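Data block below; observations after.
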Amino acid sequence: MPPSILLHTPHARRRLVAFLSSFLIVLITASAQAAPAPGEGVNPIPAPAPTSVSIPHKSVTGATLNFAPNEPHGQWLSEAHDWANTRYSDLNQINESNVARLKIAWTFSNNTKYGQEAAPLVVDGTMYIVTPWPDDLYALDLTQPGNPIKWKFEANPSPMGIGKACCDVVVRGLAFADGLIIYNLLDDHTVAVNAKTGKQVWRTKLGNVQSGETMTMSPFVVKDKVYVGDSGGEMGVRGWLACLDVKTGKELWRAYATGSDKDVKLGPDFHPYYKWMQGKDLGISSWPTDMWKHGAGASWGWVSYDPETNLIFYGTSNPGPRVPMQRPGDNLWTSTIFARDADTGEAKWAYQFTPHDQWDYDGVNENLLMDLPWQGKTRKVLMHFDRNAFAYVIDRTTGEVLSAQPFAYQNWSSGVDLKTGRPAVIPKMQPKPNIPLKVCPPDIGGKDWQPAAVSPRTGLVYADHFNLCMQVTDKVVGYIPSTPYDGMDMGRYPAPGGNIGEFMAWNPLTGKKVWAIPEKYLTMSGVLATAGDVVFYGTADGWFRAVDAWSGKVLWSQKLGSGIVGQPMTYLGPDGRQYIAITAGVGGASKVRADVRHIKEIQFPAGGDTTYVFSVDGASNSSSNSMMVTPGQGVETIPGPNPPSSPPPPDYDKHKATAPPPARRPQP
Amino acid sequence: MNMRLTHLLAALVSAALACAAYADSHGGTQAKPQATPPDHGSTAPLGQRAGTGDSAKVLSTPNPYEGSKQAARDGQQIYLAMNCTTCHAYDGSGNQGPDLTDTRWRYGGLPIQIFDSIHDGRPQGMPSWKDKLTDDQIWKLVTYVESFGGSFPASDWQHAPQGDTKGENESPEANGQFLTPVPGTVPPPSQATKPPQ
Chain A
1 MPPSILLHTP HARRRLVAFL SSFLIVLITA SAQAAPAPGE GVNPIPAPAP
51 TSVSIPHKSV TGATLNFAPN EPHGQWLSEA HDWANTRYSD LNQINESNVA
101 RLKIAWTFSN NTKYGQEAAP LVVDGTMYIV TPWPDDLYAL DLTQPGNPIK
151 WKFEANPSPM GIGKACCDVV VRGLAFADGL IIYNLLDDHT VAVNAKTGKQ
201 VWRTKLGNVQ SGETMTMSPF VVKDKVYVGD SGGEMGVRGW LACLDVKTGK
251 ELWRAYATGS DKDVKLGPDF HPYYKWMQGK DLGISSWPTD MWKHGAGASW
301 GWVSYDPETN LIFYGTSNPG PRVPMQRPGD NLWTSTIFAR DADTGEAKWA
351 YQFTPHDQWD YDGVNENLLM DLPWQGKTRK VLMHFDRNAF AYVIDRTTGE
401 VLSAQPFAYQ NWSSGVDLKT GRPAVIPKMQ PKPNIPLKVC PPDIGGKDWQ
451 PAAVSPRTGL VYADHFNLCM QVTDKVVGYI PSTPYDGMDM GRYPAPGGNI
501 GEFMAWNPLT GKKVWAIPEK YLTMSGVLAT AGDVVFYGTA DGWFRAVDAW
551 SGKVLWSQKL GSGIVGQPMT YLGPDGRQYI AITAGVGGAS KVRADVRHIK
601 EIQFPAGGDT TYVFSVDGAS NSSSNSMMVT PGQGVETIPG PNPPSSPPPP
651 DYDKHKATAP PPARRPQP
Chain B
1001 MNMRLTHLLA ALVSAALACA AYADSHGGTQ AKPQATPPDH GSTAPLGQRA
1051 GTGDSAKVLS TPNPYEGSKQ AARDGQQIYL AMNCTTCHAY DGSGNQGPDL
1101 TDTRWRYGGL PIQIFDSIHD GRPQGMPSWK DKLTDDQIWK LVTYVESFGG
1151 SFPASDWQHA PQGDTKGENE SPEANGQFLT PVPGTVPPPS QATKPPQ
């Protein structure tokens, strides 16, 4: 479909043409199965292979997903949507036919000036928004016009963490469980707030912020347990993941990333797939004497859960200090993924993505759980885009690496040996103290924490990532409590290609991109996939985009008030409409090393604090051409037009959430 | 309310005195700030105690190593060795900690204010270095920070807190009576503690 059909006015059309011509949509590889259907006109992508419209489109990979727990329909109960971390919604009111009509329905500003990385949750007609430090929590009543604040919870964390957190004073989100909203405070406390009243139910101290340890991750809930971890890979912390009781906040167990097998919770059930990770107390012996005590391995990323095996999966950060010459050895268990029993915390297997990491390649990125048809049989796998620029498919029951393919520009490794599981390091890419070295990807990796999404309809994984390198000069450091333990003097610059961001569809079966959209500026947002076959992402210079999940055609873009480093989400409003929400406010690791940042052509945007909520035509209970008063302000008796809500979009019935998704792909 | 404020102020003053005493007993240098406020009598209005005039003597304290290149080099070594680099960057331009090269100062950019920030630490993550560095070392560190060019000379003790910059216009009414010192309480900046040697 030519893009012009999607637009109402010549003006809008001109803008889109101007915008689209500013970048190319490239069909990088298309397997025979993929047969994506690209667009035409101003969009320089090849014409689609002509096939019959009547044939329902088939998943490219046949990946199947478990969306538990996602009831009731249309809510957004956790940052990752579900245990498998799919970030996929079965809502399809918004789809290719109408996504170009998305308009801002309402907005909400939270009065903070730091990076906005969390997605709002929607539970039971209420939207929950958490702010970066000071970690305020807002509950908005979605049933009322204007979505007024029901309550605000002020956590009042210590300001100490502001200068301790490496990469802005962010919080990556909320968890809902048992009537509680649970989240982490920058000063190493986890707090649970009654979702109805906004009153604190419990608060647990988990670390000492003065030491340099902070907490920024989104908690992850499985039934009656909540998992939280620390941040501070540059601060000489000793990383851990802790399990708390949802009802009381009491710590049930804690698993460290370094130290003895007992501390790392490696017991009789621990069976790493590869030999080099088998042995006693490797969390001590793979370090120079005592350096494991400040060896980092913080857990500040994402947790997934597989109900069939009762295992949780999560990764650990880079080792510390970031001067590899100071810590010869594999530095276990940093830059590692763990599979642990969700109840006891005992590890089942582990896999170190980057042994003896020398470039700050944390292993904390999300793990998407899926079942894949793999060489004739179904394998239970997890898919992981690592900071080290390799995309891993790992058997989640054993830890066997099935494939590891580069997804972003890198020149530190010639590849991962699937027999041993070890990446081959290119010798000249190893930094030596006081000698500048250019290496790709940089500290934030080929992709950072910003989570990917997967669609069961296409079977593809969607992620945005970086096209960056760094010049790094290591400088030997000593450990001084409450100061950084780091030593990496670093500046980033663009990798070949001229663009520093990219959004892509990834085929986990082939280990290849299906299509990719180069972005001039940094892409560091989460991704949302929907049953409407549109996927959403944002750029750090403030473009929020909707893309055809099959072809990679950009169907809609909206420039927001600040750059986007948050996570888009979608929900069904109490009025039966599908909404898309994203909080814009650039910050986080994107702003580290501001002076040498990225590219000259685009100025780093100012921060922001606004959650934008979109709907078809901008219709909502907060916008109307005839709304005159706000109920509840004592003026309801004023005569005149005062509809509680503008009418649903004309095609609402056609795409009601319960209706099957429209069959529309492929098209001639 | 007034009573409570008075108590608070008294507590603050004695805390400041204790700090000064501590530093003196720990081999504090010649240039230690004198926190003793002038005596306005117990009936003096609170506003007079809290006003800028009282702190002028402290603010005008110069860096004993003002302009010394050797002290700046020594300070740089301390900057590197004490891990200042990750928060404030190798070039001083800031990361998780503030940029030290610009003229924007959370806690003031006069030499004594920078000294205090390093000596006592600050609530947003800056550790206190009084137990790890001598006052002499801290002044050298201050000298290095001053070499980035964003700080203010001690002689600007009146102008810097008001955001005055070189070459700006000034209304004849701009200062009014506000900065007029109470006679006999504030030495002119030139009479402040002399640098060593």
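Line order of the protein sequences matches chains A and B.
Here the first sequence stands for residues 1 to 668, numbered as in the numbering used here.
Here the second sequence stands for residues 1001 to 1197, numbered as in the numbering used here.
Heads up, the beta-carbon is just placed ideally off N, CA and C, and yes, glycines get one too.
All figures in this text were calculated on a predicted structure; none of them were measured in a lab.
Which residues in chain C have a C-beta closer than 9 Å to the C-beta of residue i? List them in chain order.
i: A:A165; result: The structure shown contains no chain C; the protein chains it does contain are A and B.
Using 8 Å as the limit for Cβ to Cβ distance, is residue i near chain B?
i: A:V592; result: yes
i: A:E234; result: yes
i: A:D486; result: yes
i: A:D489; result: yes
i: A:S482; result: yes
i: A:V565; result: no
i: A:V477; result: yes
Here's the rule I'm using: 16 or more other beta-carbon atoms within 10 Å means buried, otherwise exposed. How should residue i be labelled?
i: A:N95; result: buried
i: A:H73; result: exposed
i: B:S1171; result: exposed
i: A:D448; result: buried
i: A:D417; result: exposed
i: A:A424; result: exposed
i: A:P496; result: exposed
i: B:G1167; result: exposed
i: A:T334; result: buried
i: A:G538; result: buried
i: A:D224; result: exposed
i: A:T248; result: exposed
i: B:A1081; result: exposed
Relative to the C-alpha of residue i, which candidate in the options has its C-alpha closest?
i: A:K438; options: A:A452, A:G421, A:W412; result: A:W412
i: A:H271; options: A:G618, A:W556, A:E400, A:K520; result: A:E400
i: A:K475; options: A:P321, A:G491, A:K428, A:P481; result: A:P321
i: A:I480; options: B:R1073, B:S1060, B:N1083, B:K1166; result: B:N1083
i: A:H384; options: A:V461, A:P427, A:I426; result: A:V461
i: B:L1133; options: B:G1167, B:Y1079, B:T1101; result: B:Y1079
i: A:A296; options: A:T258, A:T309, A:K265; result: A:T258
i: A:Q75; options: A:N507, A:I580, A:I394; result: A:I580
i: A:S158; options: A:G146, A:N184, A:A463, A:D362; result: A:N184
i: A:G511; options: A:Y392, A:L555, A:Q358, A:R327; result: A:Y392
i: A:L65; options: A:S89, A:L77, A:H57, A:I582; result: A:S89
i: B:P1123; options: A:I104, A:G161, A:D541; result: A:G161
i: A:V193; options: A:F536, A:E154, A:K225, A:R387; result: A:E154
i: A:N434; options: A:V246, A:K150, A:P319, A:V477; result: A:V477
i: A:P69; options: A:K196, A:G239, A:S78; result: A:S78
i: A:W151; options: A:A118, A:G198, A:T190, A:T112; result: A:G198
i: A:Q116; options: A:S615, A:G618, A:D609, A:D617; result: A:D609
i: A:S557; options: A:N85, A:H57, A:R101, A:D136; result: A:R101
i: B:Q1076; options: B:S1147, B:G1125, B:Q1162, B:T1101; result: B:S1147
i: A:Y305; options: A:A342, A:H294, A:L142; result: A:A342
In chain order, what residues of the same chain lie with their CB nearer than 6 Å to the CB of residue i, ignoring the 5 residues before and after it?
i: A:P406; result: A389, F390
i: B:V1142; result: N1063, P1111, I1114, F1115
i: A:P436; result: Q471, T473
Got a sec: is the Cβ-Cβ distance from residue i to anything in chain A below 8 Å?
i: B:N1175; result: no
i: B:T1043; result: Residue confidence for B:T1043 is low, a pLDDT of 47 falling below 50, so the modelled location carries little weight and cannot support an answer.
Tell me which residues share the same chain as residue i and place their Cβ nearer than 7 Å to its Cβ, disregarding the 5 neighbours each side in the sequence.
i: A:S482; result: Q210, S211, G212
i: B:S1093; result: D1099, T1101
Apart from the five residues on each side of it in sequence, which residues of its chain come closer than 8 Å, Cβ to Cβ, to residue i?
i: A:V26; result: Unreliable placement is indicated for A:V26, whose pLDDT of 39 sits below 50; the coordinate value is still reported in the next sentence. Here the set comprises I45, W515, A516, I517, P518.
Inset, instruction - Please name the residues in the region 150-179 of chain A whose beta-carbon is closer than 9 Å to at least one beta-carbon of chain B, in chain order. - result: Contacts with chain B (Cβ-Cβ distance below 9 Å) from the region 150-179 of chain A involve S158, P159, M160, G161, I162, G163, K164, A165, C166, C167, D168, V169, listed in chain order.
Inset, instruction - Below 9 Å between beta carbons is the criterion; list the residues of the region 1143-1160 of chain B that meet it against any residue of chain A, in chain order. - result: Of all residues in the region 1143-1160 of chain B, none has a Cβ within less than 9 Å of some Cβ in chain A.
Legend entry - Contacting positions in the region 1069-1097 of chain B - beta carbon closer than 9 Å to chain A: Residues passing the 9 Å Cβ filter: L1080, A1081, M1082, N1083, C1084, T1085, T1086, C1087, A1089, Y1090, D1091, S1093, G1094, N1095, Q1096, G1097.
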